[in-house]
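Visitor: Counting from 19, one number per residue, gives the positions in the sequence shown under the working numbering.
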Amino acid sequence: MIKIIKKGSKNKKEDPEKKEQQVPPEEKVSSQFSKNFDENFNKFKEYLQSSDDVVFRQFTSATGVKCGVIFIDGLVSKELVQMHVIRPLMQEGQNLKKTSQTENNKDNKESSKGANNDKKEQENSGGEEAVAFIIERIITAAETREAENLDKAMLPLMSGETVLLVDGYDKAIIVGTREMQSRGVQEPVSESVVRGPREGFTEVIRSNTALIRRRVRDPNLVQKTFTVGRRSKTPVVVSYIKGIANPKLVERVEKRIKEIDIDDLIEAGEIEQFIEDNNLSPFPQIQNTERPDKAAAALMEGRVVIMVDGTPFVLIMPANLYQFFQSPEDYYERWIIGSILRSLRWLGSLLATFAPAIYVAIISFHPGMLPTTLVLSVAASRQGVPFPAFVEALLMEVTIELLREAGARLPKAIGQTIGIVGGIIVGDAAVRAGITSPFMVIIVAITAISSFIIPSYSAAIAFRVIRFPIMILATTLGMYGILLSFIFINIHLVVLKSFGANYMSPVAPVRVHDWKDTFVRVPLQLMRRRPEFIDPIDIDRYRQDPVKEV
């Protein structure tokens with residue numbers, strides 16, 4: 019017993035040492051820069067001593083001033099560092115000698131007693147004059163700025179900038195040399211259109227902001243950058259048009275982003291889950307898109323767009339249910355074509371949600387709703403099927419979902435083949451084996467095709483998910499259960515909000531003006547006002563009636 023007690027006390031004594039070992043390096047190193055070059059340079063080395071991709075380069079300028087650059091290999095352009103930082107300092111900079119001598123004499127002047135204030139001011143201005151000369155006359159990079167301490171210099175360094183240290187100066191110079199590898203602008207994969215732009219967002223946030231700026235040349239376009247993630251330090255850009263977007267909406271979005279406290283941020287979907295109003299709802303309350311034209315159109319309506327570095331998907335808010343049934347192609351085609359296509363999407367969403375449940379309810383409770391000939395045909399096709407209608411529908415729906423997910427995860431070359439061929443083979447084999455009826459295969463095929471017609475992938479998933487609870491209500495209560503599920507869904511949608519905006523607006527509450535772009539699309543000449551449920555500052559799109567030729 020005594021040995022156990024001694025062993026426990028020994029472990030307690032070792033805990034402080036373990037805690038010291040677990041202290042992050044940034045807490046061990048003093049973040050404040052000094053005027054000693056070696057001390058500042060060693061701070062970076064101690065901070066990043068375990069990282070092999072960090073490049074430390076010391077050199078002496080043409081006039082003997084000790085300098086050093088620090089950058090991350092792979093995030094910067096070495097050619098920019100060589101041509102615009104190192105070479106100019108080593109081959110030029112004839113005027114650095116005078117400023118360096120001023121710095122060397124500074125310690126002696128500070129230690130001497132009785133020095134007047136004029137001398138102290140002259141001593142303090144030497145380093146600033148040297149660095150000002152370096153920035154204005156020697157370094158030829160397009161972007162330079164200063165960092166007062168190690169913490170402020172570390173984030174630009176991790177983002178692909180180069181840190182320049184100069185002997186005798188207590189600040190670091192940040193030089194813009196970022197050049198990260200990324201794919202080029204390509205056609206969006208998840209939102210293809212027959213007519214419209216073929217450009218899509220990329221994983222580089224500055225490329226995405228440039229794509230937005232190309233389409234919205236308004237100087238009132240604001241793109242404000244935040245940093246999310248204690249360790250990942252992921253750049254997040256909030257974009258809106260000042261004078262159109264409601265300031266309360268912008269303030270609400272920025273507040274929710276600032277409240278996010280996580281270690282890392284990888285994708286925009288993580289931000290979406292943190293800032294949405296209702297985490298328990300299957301329906302998306304924030305729209306995501308890969309299309310710059312769609313994001314620009316949302317900004318013009320008074321919405322707010324969020325871009326995250328490292329993902330091609332941007333977020334649009336606030337959103338309503340009807341927004342997920344709209345496609346950019348609706349506005350590029352004539353209004354009659356756009357209205358017909360949008361009506362087909364609404365029909366497809368109803369079929370994708372209620373078709374299997376209606377089949378189960380009719381077969382189980384209400385066969386009298388069908389014509390006699392059709393009832394006899396369905397009954398004949400179900401002869402030999404060992405399962406009730408609900409089990410039959412559940413097996414086929416789960417099977418088609420498995421095939422759909424497998425096709426999405428497999429390589430593109432074989433994914434589509436697996437989805438189509440697998441569906442045909444499984445359906446035919448199930449009918450031949452007597453596990454399901456041909457009518458059930460037809461219902462499942464119609465349901466799957468109808469779910470593909472919804473433009474938004476997130477909204478399509480929501481309708482696919484709620485299909486199964488509706489089937490359960492249909493097998494227990496028949497058509498009454500389907501009506502109850504429809505009522506419950508509508509109650510949930512009416513209560514749901516997106517950043518203060520009603521999710522079912524303009525239907526609930528009723529805003530007749532916004533109906534022009536809801537179930538159908540009226541001619542563009544009649545859509546003179548922006549959506550009212552967003553509450554934009556500038557409500558008018560057109561200042562006067564379009565000019566017509568006589």
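All residues carry an ideal CB built from backbone N, CA and C; glycine is no exception.
Since the structure is predicted, the reported quantities are computational estimates derived from the model, not experimental observations.
Roughly how many whole angstroms lie between the Cα atoms of V234 and L333?
Guide: For the purposes of this step, residue 234 is identified with residue 216 of the sequence shown, where counting begins at 1. For the purposes of this step, residue 333 is identified with residue 315 of the sequence shown, where counting begins at 1. For V234 and L333, the distance between alpha carbons rounds to 17 Å.
Visitor: Going by beta carbon distance, what residues of the same chain come within less than 8 Å of R231, once the five residues before and after it are set aside?
Guide: On the sequence shown, position 213 is the one that residue 231 refers to. Answer for R231: L239, Q241, listed in chain order.
Visitor: Give the secondary structure of F301 by DSSP, where H, G and I count as helix, E and B as strand, and everything else as coil.
Guide: Residue numbering aside, residue 301 sits at position 283 when the sequence shown is read from its first letter. Coil at F301, not helix or strand.
Visitor: Between the Cα of R163 and those of E147, I156, K189, spot the shortest distance and give me the residue it belongs to.
Guide: To locate residue 163, count along the sequence shown from 1; it is residue 145. That would be K189, whose Cα lies nearest to the Cα of R163.
Visitor: How many Å lie between D553 and M318 at the Cα?
Guide: Taking the first residue of the sequence shown as 1, we reach residue 553 at position 535. Taking the first residue of the sequence shown as 1, we reach residue 318 at position 300. The alpha-carbon atoms of D553 and M318 are separated by roughly 13 Å.
Visitor: Measure the beta-carbon distance from A160 to P174 and round it to whole angstroms, keeping in mind my assumption that it falls under 8 Å.
Guide: In the sequence shown, counting from the first residue as 1, residue 160 sits at position 142. In the sequence shown, counting from the first residue as 1, residue 174 sits at position 156. About 15 Å separates the two Cβ atoms, so there is no contact after all.
Visitor: Is it right to say K63 is buried, meaning 16 or more other beta carbons lie within 10 angstroms of its own, or is it exposed?
Guide: Position 45 of the sequence shown holds residue 63. Per the 10 Å Cβ criterion, exposed.
Visitor: Could you tell me the distance, in whole angstroms, from the CA atom of I381 to the CA atom of F504?
Guide: Taking the first residue of the sequence shown as 1, we reach residue 381 at position 363. Taking the first residue of the sequence shown as 1, we reach residue 504 at position 486. Approximately 20 Å between the Cα atoms of the pair.
Visitor: By Cβ distance below 8 Å, which residues in the same chain neighbour I507 in space, the five residues on each side in sequence not counted?
Guide: Residue 507 sits at position 489 when you count from the first residue of the sequence shown. Only I484 meet the Cβ criterion.
Visitor: Restricting to Cα atoms, I'd like to know which of N338, F537, V462 is closest to I376.
Guide: Against the sequence shown, residue 376 aligns to sequence position 358. When only C-alpha atoms are compared, the closest one is V462.
Visitor: Using only alpha-carbon positions, find the residue among E550, F517, V181, R539 that is nearest to Y350.
Guide: Position 332 of the sequence shown, counted from the first residue, corresponds to residue 350. Closest by alpha carbon: R539.
Visitor: What does DSSP give as the partner residue(s) for I7 in the beta ladder?
Guide: A question about residue 7 goes unanswered here, because the residues of the chain that appear run from 19 up to 568.
Visitor: Out of P456, R363, R559, L421, which one is the CA nearest neighbour of Q401?
Guide: Position 383 of the sequence shown holds residue 401. Ranking P456, R363, R559, L421 by Cα distance to Q401 puts P456 first.
Visitor: Within a Cβ cutoff of 7 Å, which residues of the same chain sit near R548, ignoring the five residues on either side of it in sequence?
Guide: To locate residue 548, count along the sequence shown from 1; it is residue 530. These residues qualify, in order along the chain: E319, G320, P554, I557, R559.
Visitor: Answer yes if the region 405 to 419 comes into contact with the region 507 to 517, meaning at least three C-beta pairs across the two stretches below 8 Å, and no otherwise.
Guide: The region 507 to 517 is not in contact with the region 405 to 419.
Visitor: Is DSSP giving N58 helix, strand or coil here?
Guide: Within the sequence shown, numbered from 1, the residue matching residue 58 stands at position 40. Reduced to three states, the DSSP call for N58 is helix.
Visitor: Should E139 be labelled buried (16 or more other beta-carbon atoms within 10 Å of its own) or exposed?
Guide: Position 121 of the sequence shown, counted from the first residue, corresponds to residue 139. Because E139 carries a pLDDT of 41, less than 50, the predicted location of this residue cannot be relied on, and no value is offered for it.
Visitor: Determine the DSSP secondary structure at A133, reduced to helix, strand or coil.
Guide: In the sequence shown, the residue the question calls residue 133 occupies position 115. Only weak support exists for where A133 lies, its pLDDT of 41 falling under 50; the value from the coordinates is given anyway. Of the three classes helix, strand and coil, the one that applies to A133 here is coil, per DSSP.
Visitor: If you run the structure through DSSP and keep just helix, strand and coil, what is S516?
Guide: As a first step, residue 516 is located in the sequence shown; it is residue number 498 there, counting from the start. In the structure shown, S516 sits in a strand (DSSP, three-state: E or B).
Visitor: I'd like the span of the alpha helix (DSSP H) that includes Y377, first residue to last.
Guide: Here residue 377 refers to the residue found at position 359 when the sequence shown is read from its first residue. Its alpha helix (DSSP H) spans residues 353 to 382.
Visitor: W533 to L267, Cα distance in whole Å?
Guide: Taking the sequence shown and counting its residues from 1, the one referred to as residue 533 is at position 515. Taking the sequence shown and counting its residues from 1, the one referred to as residue 267 is at position 249. Answer to the nearest angstrom: the Cα atoms are 22 Å apart.
Visitor: Considering only DSSP beta bridges, list what N306 is partnered with.
Guide: Translated into positions along the sequence shown, residue 306 becomes position 288. Answer is L333, bridged to N306.
Visitor: Excluding the five sequence neighbours on either side, which residues of its own chain have a C-beta within less than 8 Å of the C-beta of R213, listed in chain order?
Guide: For the purposes of this step, residue 213 is taken as the residue at position 195 of the sequence shown. The answer, listed in chain order, is E347, Y350, E351.
Visitor: What residue range is occupied by the uninterrupted alpha helix (DSSP H) comprising F470?
Guide: For this step, residue 470 is matched to residue 452 along the sequence shown. Segment 456 to 470, the alpha helix (DSSP H) holding F470.
Visitor: May I ask you to report which of helix, strand or coil DSSP gives R321?
Guide: By one-based count along the sequence shown, residue 321 stands at place 303. DSSP places R321 in coil when its eight states are reduced to three.
Visitor: Under 8 Å between the Cβ atoms of F301 and A480?
Guide: On the sequence shown, position 283 is the one that residue 301 refers to. On the sequence shown, position 462 is the one that residue 480 refers to. Contact flag set, yes.
Visitor: Quickly, what does DSSP pair G452 with across the bridge? List them, please.
Guide: Within the sequence shown, the letter at position 434 stands for residue 452. DSSP lists no partner for G452.
Visitor: If you compare alpha carbons, which of V513, F551, L491, A228 is closest to V528?
Guide: For the purposes of this step, residue 528 is taken as the residue at position 510 of the sequence shown. Taking only the C-alpha atoms, the option nearest V528 is F551.
Visitor: May I have the straight-line CA-CA distance separating M522 from F342, to the nearest angstrom?
Guide: Counted from its first residue, the sequence shown places residue 522 at position 504. Counted from its first residue, the sequence shown places residue 342 at position 324. Each residue's Cα considered, the two are about 12 Å apart.
Visitor: For K251, name the three-state secondary structure that DSSP assigns.
Guide: On the sequence shown, position 233 is the one that residue 251 refers to. Correct three-state label for K251: coil.
Visitor: How would you call G386, buried or exposed, if buried means at least 16 neighbouring beta carbons within 10 angstroms?
Guide: Translated into the one-based positions of the sequence shown, residue 386 becomes position 368. The residue is exposed, with fewer than 16 neighbouring Cβ atoms inside 10 Å.
Visitor: Name the residue from I104, V378, A448, N58 whose alpha carbon lies nearest to the alpha carbon of G496.
Guide: Numbered from its first residue, the sequence shown carries residue 496 at position 478. The residue with the shortest Cα to Cα distance from G496 is V378.
Visitor: Can you give the beta carbon distance from V246 to V256, rounded, assuming they're within the 8 Å contact cut?
Guide: Locating residue 246 in the sequence shown gives position 228, counting from the first residue. Locating residue 256 in the sequence shown gives position 238, counting from the first residue. At roughly 11 Å, the Cβ-Cβ gap does not stay under 8 Å, so V246 and V256 are not in contact.
Visitor: Out of V99, E269, N54, which one is the CA nearest neighbour of V322?
Guide: The residue given as residue 322 occupies position 304 in the sequence shown. For V322, the nearest C-alpha among the options comes from E269.
Visitor: Classify E154: buried if its beta carbon has 16 or more other beta carbons within 10 angstroms, exposed otherwise.
Guide: For the purposes of this step, residue 154 is identified with residue 136 of the sequence shown, where counting begins at 1. Its Cβ having fewer than 16 others within 10 Å, E154 is exposed.
Visitor: Is it true that the region 298 to 317 meets the region 211 to 230, where meeting means three or more beta-carbon pairs spaced less than 8 Å apart?
Guide: Touching, per the Cβ criterion.
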